[in-house]
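**Q** Going by the numbering used here, the first residue of the sequence shown is number 9, and it counts up by one from there.
Virtual Cβ for every residue (Gly too), placed ideally from N, Cα, C.
Quantities reported herein were computed from a predicted structural model and do not represent experimental measurements.
Quick one: the structure is below, questions incoming.
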Amino acid sequence: MSVLEIKNLQVSVVIESGNKEILRGVDLTIKSGETHAIMGPNGSGKSTLAYSIAGHPKYLITGGSVTLDGVDVLEMSVDERAKAGLFLAMQYPVEIPGVSVSNFLRTAVTAIRGEAPKVRTWVGEVKAAMSSLEIDTAFSERNVNEGFSGGEKKRHEILQMELLRPKIAILDETDSGLDIDALRVVSEGVNRIKESSDLGVMLITHYTRILKYIKPDFVHVFANGKIVEEGGSELADKLEEKGYAEYITA
């Protein structure tokens with residue numbers, strides 16, 4: 009069983025006038041097979057948490073710790089974090105002109121597994137994963153995220169996750185920009201990977217609609233750079249009904 013443990017994490021972002029504190033002491037533990045929904049208003053620090061764990065250079069860790077299976081994540085390079093089993097699905101995936109989806113996926117999987125997959129096995133593996141996400145096979149020859157719709161970008165992220173098989177996946181507003189059909193397909197993909205690999209999931213979202221498809225074991229409310237309330241799925245129902253006003257003014 010894998011465990012991602014975040015203790016008293018404090019993070020700032022560098023701006024012209026100095027450092028601006030974003031995270032003010034975050035404590036969170038995610039174990040294999042668990043789904044944790046991180047909810048909260050805009051600007052509360054949810055995405056900062058995701059990118060800090062992944063190692064984005066924009067963010068400065070000023071205190072606390074992040075460990076994966078007892079190993080210090082903050083001392084790892086970005087690629088070492090990926091190899092250790094962390095995966096980040098970004099809210100706004102970047103375009104990579106000149107790099108096909110096929111080459112990108114094979115290169116990424118080779119880096120994570122330590123050896124290139126055998127061609128015959130690989131072709132079957134990719135076709136099966138694409139089929140389950142309702143992705144046309146011609147998609148593999150397109151350049152990564154170039155001209156992709158919002159739904160295509162998010163399906164590509166889940167396709168990566170299915171092939172890379174991480175221990176812990178951080179999904180940053182994966183539901184953003186998805187119509188109801190794409191949301192269903194993407195959510196089913198996440199659930200399928202969870203069931204087959206005991207994946208631990210941190211699911212960052214503003215809205216409860218994705219939680220109707222991906223059932224959270226725990227819900228955490230973010231406000232002012234920290235977790236201010238925790239509970240089960242009933243907390244998400246409360247947020248759906250009442251919103252975040254009480255946390256913003258707290």
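1. Distance, Cα to Cα, THR182 vs HIS44?
2. Straight-line CA distance for PHE95 to LEU191?
3. When DSSP builds the beta bridges, which residues end up paired with ALA136?
4. Using the Cα positions of LEU167 and MET138, report the straight-line distance between them to the nearest angstrom.
5. Within the same chain, show all residues whose beta-carbon is closer than 7 Å to that of VAL194, passing over the 5 residues directly before and after it, in chain order.
6. By Cβ distance below 7 Å, which residues in the same chain neighbour ARG173 in space, the five residues on each side in sequence not counted?
7. Can you tell which of ALA177, ARG114 and ASN151 has its C-alpha closest to the C-alpha of GLU133?
8. Only counting the same chain, and skipping five residues up and downstream in sequence, which positions put a Cβ closer than 6 Å to that of ASN111?
9. By how many angstroms is the C-alpha of THR37 removed from the C-alpha of ASN153?
10. Roughly how many angstroms separate the alpha carbons of GLU142 and SER148, rounded to a whole number?
11. Pick from THR56, LEU68, GLY72 and PRO125: whose alpha carbon is nearest that of ASP180?
12. Give the secondary structure of GLY185 by DSSP, where H, G and I count as helix, E and B as strand, and everything else as coil.
13. Which runs of the beta strand (DSSP E) fall wholly inside the segment 165-246 and span at least 3 residues, in chain order?
14. State the DSSP-derived secondary structure class of ALA97, mapped to helix, strand or coil.
**A** Taking the structure as given:
1. Against the sequence shown, residue 182 aligns to sequence position 174. Against the sequence shown, residue 44 aligns to sequence position 36. Cα to Cα, the separation comes out at about 14 Å.
2. Translated into the one-based positions of the sequence shown, residue 95 becomes position 87. Translated into the one-based positions of the sequence shown, residue 191 becomes position 183. So the alpha carbons of these two residues sit roughly 20 Å apart.
3. Taking the sequence shown and counting its residues from 1, one reaches residue 136 at position 128. ALA136 is not bridged to any residue.
4. Reading the sequence shown from its first residue, position 159 is the one you call residue 167. Reading the sequence shown from its first residue, position 130 is the one you call residue 138. Roughly 7 Å between the two C-alpha positions.
5. The residue you call residue 194 lines up with position 186 of the sequence shown. LYS162, ARG163, ILE166, THR182 and LEU186.
6. Your numbering for residue 173 matches position 165 in the sequence shown. Correct list, in chain order: SER205.
7. The residue given as residue 133 occupies position 125 in the sequence shown. Nearest option by C-alpha distance: ARG114.
8. Sequence index remark: in the sequence shown, residue 111 carries index 103 (1-based). For ASN111, where only same-chain residues beyond five positions count, there are no Cβ hits under 6 Å.
9. Reading the sequence shown from its first residue, position 145 is the one you call residue 153. Reading the sequence shown from its first residue, position 29 is the one you call residue 37. Answer to the nearest angstrom: the Cα atoms are 32 Å apart.
10. Along the sequence shown, one-based indexing puts residue 142 at 134. Along the sequence shown, one-based indexing puts residue 148 at 140. So the alpha carbons of these two residues sit roughly 13 Å apart.
11. Taking the sequence shown and counting its residues from 1, one reaches residue 180 at position 172. Taking only the C-alpha atoms, the option nearest ASP180 is THR56.
12. Position 177 of the sequence shown, counted from the start, is the residue given in the question as residue 185. If DSSP states are grouped into helix, strand and coil, GLY185 belongs with coil.
13. 176-180, 208-213, 226-231 and 234-239
14. Residue numbering aside, residue 97 sits at position 89 when the sequence shown is read from its first letter. Correct three-state label for ALA97: strand.
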